[in-house]
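Following numbering that gives the first Met the number 0, the numbering of the sequence shown begins with 0 at its first residue and continues without gaps.
Even for Gly, the Cβ is constructed at its ideal location relative to N, Cα and C.
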Amino acid sequence: MKNQKLSERNTADLKKYEKSIKTITGILLGMLLVLFMLSLYITFTKGFTALLIIPITLMPIVILNFNTINEIKKELKSRIEN
Numbered sequence: 000m001k002n003q004k005l006s007e008r009n010t011a012d013l014k015k016y017e018k019s020i021k022t023i024t025g026i027l028l029g030m031l032l033v034l035f036m037l038s039l040y041i042t043f044t045k046g047f048t049a050l051l052i053i054p055i056t057l058m059p060i061v062i063l064n065f066n067t068i069n070e071i072k073k074e075l076k077s078r079i080e081n
């Protein structure tokens with residue numbers, strides 16, 4: 000897949016891209032929360048486990064995806080205003 004700027008994409012493609020990123024980010028966030036809770040449970044019952052580090056290190060991906068969603072919303076809003 001080509002890495003195009005948001006301004007070069009058409010509106011329908013941007014809406015589709017926004018929807019897919021929202022879905023993927025939601026699933027990732029949900030899985031990270033489940034993994035974090037299970038890791039905390041294992042840590043309290045059996046001691047420290049390295050699984051606790053994984054959700055913390057993968058959170059920047061979620062943050063980047065939220066930033067991308069906000070950029071897409073700004074681009075779509077600017078197209079509506081013009």
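Spatially closest choice to residue i from the options, by CA coordinates
i: THR24; options: ILE71, PHE65 and LEU50; result: PHE65
i: THR56; options: LEU27, ARG78 and ASN81; result: LEU27
i: ILE52; options: LYS72, THR10 and LEU31; result: LEU31
Range covered by the alpha helix (DSSP H) that runs through residue i
i: GLU17; result: 10–45
Between the CA atoms of residue j and residue i - distance to the nearest angstrom
i: ALA49; j: ILE60; result: 19 Å
i: ARG8; j: THR22; result: 20 Å
i: GLU17; j: ILE68; result: 6 Å
i: LEU63; j: ASN2; result: 16 Å
Three-state secondary structure (DSSP) of residue i
i: ILE4; result: It is Lys, not Ile, that sits at residue 4 in the sequence shown. Of the three classes helix, strand and coil, the one that applies to LYS4 here is coil, per DSSP.
i: ASN66; result: helix
i: THR56; result: helix
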